[in-house]
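Comments concern the structure below.
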């Protein structure tokens, strides 16, 4: 696996509402109705992250979840980060993948 | 509910291994074996936090969970923070409460 080029990252982010590039990471802050909704999101994402063997950095404060995705092995953004971001979007807004 | 005095906080922290005061918060960084263990801890703590109606600020990176407890209503550390910290200790090291 290798890091995506800047152009590749930009293209992928066009389809990822609210996600932004921040250095070698992509980041998004999710707002939920309450703590239980926030934890439910984290749990759903956690199962996928574990299966993908690619894990987020994330911070929770009550109804807010700040997510940061990066790939330490390459020091950049890889397809794993994009896949995990897409899955998170799917969790909050289910649709055909 | 009112904030605990500095002396009260110091006394409580004597029984809370690894917890430290940081301004108006108490903080601890937990290290687990892996991501699943870290998420399991967060889930167990989350049920208690929700029941207590008092929620942590916390950040997870793979096997690490950084916890910060404070009480926004009083702008200080209250008995709720101490109770939640004690419960977290109980989760990682079950004993008679």
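Residue numbers (our numbering), protein chains in the order written: chain A, 1 to 97; chain B, 101 to 197. Virtual Cβ for every residue (Gly too), placed ideally from N, Cα, C.
- Counting only the Cα atoms, residue 170 of chain B lies some 6 angstroms from residue 181 of chain B.
- Those residues of the segment 101 to 135 of chain B placed with their C-beta closer than 8 angstroms to a C-beta in chain A are 135, ordered along the chain.
- Cα atoms of residue 101 of chain B and residue 107 of chain B: separation of roughly 17 angstroms, rounded to the nearest angstrom.
- Going by DSSP, residue 60 of chain A is part of no alpha helix (DSSP H) but of the beta strand (DSSP E) stretching over 57 to 61.
- Note that the segment 71 to 91 of chain A touches the segment 11 to 31 of chain A; at least 3 beta-carbon pairs, one per stretch, sit closer than 8 angstroms.
- Here residue 134 of chain B is exposed: its Cβ has fewer than 16 other Cβ atoms, across all protein chains shown, within 10 Å.
- Cβ neighbours of residue 31 of chain A within its own chain (closer than 7 angstroms, five residues either side excluded): 63 and 64.
- Residue 194 of chain B and residue 137 of chain B have their C-alpha atoms roughly 15 angstroms apart.
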